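Residue numbers (my numbering), protein chains in the order written: chain A, -12 to 344; chain B, 13 to 281. Where is the CB? At the ideal position from N, CA and C, for every residue including glycine. Values in this document were obtained by computation on a predicted structure and should not be read as measured data. A short worksheet on the structure shown next.
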Amino acid sequence: MGNRLIELQNITKIYDGHKVLDDLNLYFNENKFLTLLGPSGCGKTTTLRILGGFETPDEGRVIFGGEDITSLPPNKRQLNTVFQKYALFTHMNIAENIAFGLKISGKSKAYIDDKIKYALKLVNLEGYEKRMPDSLSGGQQQRIAIARAIVNEPKILLLDEPLGALDLKLRQEMQYELIRMKNELGITFIYVTHDQEEALTMSDTIVVMNQGYIQQIGTPEDIYNEPTNAFVADFIGDSNIFPGTMLEDKVVDIFGIIFPCVDTGFGRNRPVDVVIRPEDVELGEPGCGTLDGVVSHLIFKGVHYEMEVTACGQEWLVQSTKMHPVGQKVSIRVDPFNIQIMNKPESEDEEAVVLDV
Amino acid sequence: MYRKSLSYPYLLWAAAFIIIPLLFIVYYGLTDRTGAFTLENLAAIATAEHSKALFLSLGLSFLSTAICLLLAYPLALILSGSRLGRSGFVIFLFILPMWMNFLLRTLAWVVLLDTNGVLDSLFKLMGLPRFKIINTPAAIVFGMVYDFLPFMILPIYNVISKIDKNVVNAARDLGASSFQTLYKIIFPLSLPGVISGITMVFIPSLTTFVISTLLGGGKILLIGNVIEQEFMKGTSWHVGSGLSLVLMLFIIGSMVLSSKYDNGEGNVL
Ligand SMILES: Nc1ncnc2c1ncn2[C@@H]1O[C@H](COP(=O)(O)OP(=O)(O)OP(=O)(O)O)[C@@H](O)[C@H]1O
Ligand SMILES: [Mg+2]
């Protein structure tokens, strides 16, 4: 069980007759960096808004420290939110913005001044007290929004795509900043993003969502290396997803070609999805691998080359540091260990999986 | 160059219909019948009758602006927060009277408020004390509020409904109650709308002579009536212009005061 800090129990949220969240169960532990990851419209913000108290679920309960807080208004909850578009108070300067929550809770002036200093130092914006929000860059405004939230010493910080509006370089810098802040503060961060790379970089645990259902919960390594279904595999990183048939334990048939693999327990002649990461496809001299094909596309990506190889009438996405020109005949080989076998989803929106975080 | 030449027709318009008339007023205001320079027309405001009218105008305008604000702010607040309000229908209802002729609307109130008018008869029928506010300052304030209320609602509604919902959420998130959120966040952010609403109600109230003529029964003179009489009853264009200039000072004063707070966002009309 661990020490559950906040828990969502059987949460259902309906907007205009459309189930945005369907019987969602999820809990978050102390001092962790958790990420809700999923495509646009899958219900990430809605989940966060229910946690923050801006939305009441149609069914289910929110439990915080053992107490039901489902109908507690946001100002009574021990968590703070960093909104997607900063939401700073434009009529107040930076110091007043940061002091807002502290003044409401009636802290002394000396305490507040100390906290402002501390928070500005934490977000690397010392000396910005008197500036107005409008005069700050997007990244700086975002950091003030974080400072404004954390001075209240919440148990949980909710962040809704806080880096969405920043350029790539700044985003990467801020990712490290956020990890540093989380470690310094020792509180739980619940982070929402639709950027899988961001999720893999920052999280202790990733919750992959789609269409209001949880698809998989796990560490970044789990999610990347062992996606539980084709949706997760497709969403996290690039991948080749092929329909196949599990002939018996450790043997899978893809387009009539037999591949050895390491998965067991699927039964005999069972239709499955096969996931192979592009960096796991090994190219060689024709005839030296499991099957042969022809390179049909080639792109230089910086660290590696990305190629498409046509084999058995299928495009295989391949990433390699070794270049093979378009038109070259190559062989394809995949290490049995790198072939990931998954059950086919029963339907479009697959049942929620509830796992321990 | 191209841009500049485009503005010439407007400059011409401004010169012909704004600058030149204004200069005429200034000329009349600062001269006597013989054309000699004088400050007497300005000083005419100091006569008992005129200054009484000016102070009454200022007082009633102030009162009706305050009433408009008290009525409009909660309404704008509620409308911007409700589904019904956001659809614009209720706002439309409040603006609808503006499509009717201003004179007609005011005349309708004469019929309603008059002795033996609709309301008075109704009161009599129910055995209540007679409803006699026609020809009193109260009736004039009534008319001003009715006529100018939309000008207060619109800019305030506009500004409030443009406030980012997440800014309000952020305040709640940081521990503010809904009332604290209202006076620490929503009200300060809506000030530009409030200021332009005040300007747009106060100025026409200060200069009106139609409302006071119709609902004051000609017995209550506002500064607008005094100026009107100077011009229309042929008393003296010079005194009328002089009084206009004095009134202008008050209007410019109120606009300067408001532009201090207004960053331009609230100007919708
Ligand atoms: N207030 C609302 N009224 C009606 N529908 C809503 C409302 N808020 C969200 N929805 C719908 O609920 C679904 C989930 O929305 P949500 O904002 O949670 O998505 P998200 O995962 O945060 O997506 P994104 O990555 O684009 O922010 C969407 O289909 C959205 O249209
Ligand atoms: Mg969202």
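Neighbouring residues, chain B, relative to residue i (Cβ below 8 Å)
i        : result
A:ALA74  : ASP176, ASN178, VAL179, ASN181, ALA182
A:ASN139 : LEU186, GLY187
Within chain A, partners of residue i - CB distance below 7 Å
i        : result
B:ASP185 : GLY39, PRO61, ASN67, THR68
B:LEU34  : Those do not exist, as B:LEU34 stays about 36 Å from chain A at its closest Cβ, beyond 7 Å.
Where residue i sits in the DSSP three-state scheme
i         : result
B:PRO167  : helix
A:ALA86   : helix
A:LEU23   : strand
B:TYR22   : helix
A:SER92   : coil
B:VAL251  : helix
B:PHE49   : strand
A:ASN325  : helix
A:SER318  : strand
A:ASN(-3) : strand
B:PHE29   : helix
B:ASP44   : coil
A:ALA298  : strand
A:GLY53   : coil
A:GLN202  : strand
A:THR43   : coil
B:ILE232  : coil
A:TYR115  : coil
B:MET260  : helix
A:VAL110  : coil
A:LEU216  : The sequence given here has Asn at residue 216 of chain A, not Leu. Looking at A:ASN216 - three-state DSSP - the assignment turns out to be coil, as it is neither helix nor strand.
B:LEU281  : Confidence is the limiting factor: at B:LEU281 the pLDDT is only 38, short of 50, which leaves the residue's position unreliable, though a coordinate-based value still follows. Of the three classes helix, strand and coil, the one that applies to B:LEU281 here is coil, per DSSP.
A:LEU66   : strand
Given residue i as reference, the closest of the options once Cα atoms are compared
i        : options                                : result
B:THR211 : B:SER256, B:ILE264, B:LEU257, B:PHE191 : B:ILE264
A:GLY52  : A:PHE41, A:ASN16, A:ILE85              : A:ASN16
A:ASP191 : A:ASN139, A:GLY25, A:LEU278, A:ILE210  : A:ILE210
A:LYS72  : A:LEU24, A:THR33, A:LEU146, A:ASP182   : A:LEU146
A:LEU172 : A:GLU160, A:PRO141, A:ALA186, A:ASN62  : A:PRO141
B:MET112 : B:ILE146, B:LEU89, B:PRO162, B:LEU72   : B:PRO162
B:ILE235 : B:LEU51, B:VAL130, B:LEU166, B:LYS64   : B:LYS64
A:ALA220 : A:GLY252, A:VAL238, A:ILE263           : A:ILE263
A:ASN18  : A:GLN306, A:ILE99, A:ASP101, A:ILE177  : A:ILE177
A:GLY314 : A:PRO323, A:GLY280, A:VAL321, A:SER92  : A:GLY280
A:VAL268 : A:ASP260, A:GLU302, A:VAL290           : A:GLU302
A:CYS275 : A:GLY30, A:GLY114, A:SER318            : A:SER318
A:GLN162 : A:ASN256, A:ASP182, A:ALA136           : A:ASP182
A:VAL249 : A:GLN306, A:ASN256, A:MET233           : A:MET233
B:PRO141 : B:LEU131, B:VAL38, B:ASN237            : B:LEU131
A:PRO207 : A:MET189, A:ASN197, A:ILE201           : A:MET189
Cβ pair residue i, residue j closer than 8 Å
i         : j        : result
A:PHE229  : A:ILE245 : no
A:PRO214  : A:ILE204 : no
B:ILE146  : B:THR127 : yes
A:LEU(-5) : A:LEU21  : no
A:ALA217  : A:MET329 : yes
B:GLY41   : B:SER253 : yes
A:LYS0    : A:LEU8   : yes
B:ILE168  : B:VAL179 : no
A:ASN61   : A:GLY88  : For clarity, residue 61 of chain A is Pro in the given sequence; the question names Asn instead. Not closer than 8 Å, so no.
A:ASN227  : A:LEU285 : no
B:ASP176  : A:ASN67  : no
B:LEU89   : B:VAL102 : no
B:ILE172  : B:GLY205 : yes
A:THR57   : A:VAL49  : yes
B:THR77   : B:PHE214 : yes
B:LEU7    : B:HIS62  : The displayed coordinates of chain B run from 13 to 281. Any statement about residue 7 of chain B would go beyond what the structure contains.
A:GLY231  : A:VAL259 : yes
A:ASN80   : A:ARG135 : no
A:LEU24   : A:ILE174 : no
A:LYS90   : A:ILE103 : no
Amino acids of chain B, ordered along the chain, whose beta-carbon sits closer than 7 Å to that of residue i
i       : result
A:ASN91 : Here the sequence assigns Ile to residue 91 of chain A, which means Asn is not the residue at that position. Residues of chain B passing the Cβ test: LEU186, GLY187, ALA188, GLN192.
Contact set between residue i and chain B, taken where Cβ atoms lie within less than 9 Å
i        : result
A:ARG135 : ALA182, LEU186
A:HIS78  : ILE197, PRO200, LEU201, LEU203
Proximal chain D residues relative to residue i, where beta-carbon distance stays under 7 Å
i       : result
A:GLY88 : Chain labels in this structure do not include chain D; the protein chains are A and B.
Counting only runs of 4+ residues fully inside the stretch 69 to 138 of chain B, write out the alpha helix (DSSP H) ranges in chain order. 95 to 98, 101 to 107, 114 to 125, 130 to 137
Run through the stretch 172 to 218 of chain B for me and flag every whole alpha helix (DSSP H) of 4 or more residues, listed as ranges in chain order. 177 to 185, 190 to 193
Note down, one range per segment and in chain order, each beta strand (DSSP E) of at least 3 residues found wholly within the stretch 126 to 211 of chain A. 143 to 147, 175 to 180, 192 to 197, 200 to 205
Runs of 4 residues minimum, wholly inside the stretch 223 to 303 of chain A: which ones carry the alpha helix (DSSP H) assignment? none
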